[in-house]
Amino acid sequence: MATLKKTLALVIALPLALGSASALAYGGGKHHGGHGGKGACGMHDGKQMFRQLDLSDEQKSQLQEMRKANREAMKSEWAKHHGEMRANHQQMQKLVLADNFDEAAVRSLAEKMTEQQVERRVEMLKHRHDMLNVLTADQKAKYQQLQAERMEKCEARIADKEK
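In terms of mature numbering (1 follows the signal peptide of the UniProt record, and there is no 0), the sequence shown is residues -25 to -1, 1 to 138.
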């Protein structure tokens, strides 16, 4: 009976733990301070901040080309990443539904999933780095100031919601 309870607890807890770790590694959800659209505390409104930096026409053109290239690369990689995530999920389901808990296999799968997320995060940050390197030193300083102001507003909104 104790083994059944432990197994049931693992079946319930493992997907939740992996999902939570995945969300934390990714940086939160679209509506919880991670990435998001208008009013979010994430980076997706970064394009708005670039508009406040007095960019030259050449810089605007460079950034537009970079965004277009990144969008095309993301489209081509989406099917691959989606397939990997689906296969990982199916493997996770097999592991949690198995008669015996295989901790080594679960650890291996969790490490594989984490590594895939790390690789995607590195690519995203490389793209962001490349875009920010189009800016002059003064524009980078203003960008940092705008980002700090936005984070203050975000923290204030979060504090207001917690009251």
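Every residue gets a Cβ at the ideal spot worked out from N, C-alpha and C, and that includes glycine.
All figures in this text were calculated on a predicted structure; none of them were measured in a lab.
Apart from the five residues on each side of it in sequence, which residues of its chain come closer than 7 Å, Cβ to Cβ, to residue 84? 63, 66, 67, 70
Would residue 30 pass as a contact of residue 106 if the rule is Cβ separation under 8 Å? no
Residue range of the alpha helix (DSSP H) that includes residue 83: 78 to 107
Closer than 8 Å is the cut-off here; do at least three beta carbon pairs connect the stretch 41 to 61 with the stretch 92 to 107? yes
With respect to the alpha helix (DSSP H) encompassing residue 110, which residues constitute its N-terminal and C-terminal limits? Element bounds for residue 110: n/a, residue is neither H nor E.
Proximal residues to residue 127 (C-beta, below 6 Å), its chain only, five neighbours per side dropped: none
Buried versus exposed, by CB contacts within 10 Å (16 or more), residue 81: buried
DSSP on residue 34, reduced to helix/strand/coil? helix
Where residue 75 sits in the DSSP three-state scheme: coil
Selection from 36, 52, 26 that minimises the alpha carbon distance to residue 98: 52
Quick check on this structure: which residue in 27, 59, 43 has the alpha carbon closest to the alpha carbon of residue 90? 59
Residue 29 in three-state terms, based on DSSP: coil
Alpha carbon to alpha carbon, how far is residue 92 from residue 75? 28 Å
Since I believe residue 24 is in contact with residue 119 (beta carbons under 8 Å), could you give me their beta-carbon distance rounded to a whole number of angstroms? With a Cβ gap of about 10 Å, residue 119 and residue 24 do not count as contacting.
What number of angstroms, rounded off, separates the C-alpha of residue 44 from the C-alpha of residue 36? 12 Å
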